[in-house]
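Per the numbering used here, the sequence shown starts with residue 15, numbered consecutively.
Cβ coordinates follow ideal geometry from the N, Cα and C atoms, glycine included.
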Amino acid sequence: MRVGPYTLSSPVYVAPMAGVTDAPFRKLAREFGAGLACTEMISSEALVRRHRESFRLMDLSWDERPVSVQLMGGDPQVMAEAARMAAEHGADIIDINMGCPVPKVVKTSGGSSLLRDPVRA
Numbered sequence: 015m016r017v018g019p020y021t022l023s024s025p026v027y028v029a030p031m032a033g034v035t036d037a038p039f040r041k042l043a044r045e046f047g048a049g050l051a052c053t054e055m056i057s058s059e060a061l062v063r064r065h066r067e068s069f070r071l072m073d074l075s076w077d078e079r080p081v082s083v084q085l086m087g088g089d090p091q092v093m094a095e096a097a098r099m100a101a102e103h104g105a106d107i108i109d110i111n112m113g114c115p116v117p118k119v120v121k122t123s124g125g126s127s128l129l130r131d132p133v134r135a
């Protein structure tokens, strides 16, 4: 299976799960056959503001390649900057969260609220 330029060892994809898909979990998922694993959801605003927790969530190791980083946010410029930062930090794939229905995420114009505004999405 291919995702962009990356050939995955397996079609199994571990989706981003807040509080679950940290670095040790992703490593275990790969050991048990996942071809790709994604980080927990990372706020684009927090990443651009260089909050320590955002970089901890983006703890990537070279033995889990390729790796996907999920970003959440509603401001296209901030999302672009966060994607650039994630790529510089080692992300192979950028996953944009457009499905989270949690009110805390939706009220920041992120997550599933993006589905209401295809132009901004």
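Pairwise C-alpha distance: His-103 and Lys-118: Distance between the alpha carbons of Lys-118 and His-103: 26 Å.
Under the criterion of a Cβ to heavy atom distance below 7 Å, does Leu-74 qualify as lining the ligand ADP? Ligands displayed in this structure: none; no statement on the ligand ADP is therefore possible.
What's the gap between the Cα of Ala-135 and the Cα of Leu-129? Put simply, the backbone Cα of Ala-135 is about 7 Å away from that of Leu-129.
Inter-residue Cα distance where the pair is Asp-109 and Arg-44: Approximately 18 Å between the Cα atoms of the pair.
Quick check on Ala-43: does DSSP put it in helix, strand or coil? Correct three-state label for Ala-43: helix.
According to DSSP, is Val-79 part of a helix, a strand, or is it coil? Sequence check: residue 79 is Arg here, not Val. Coil.
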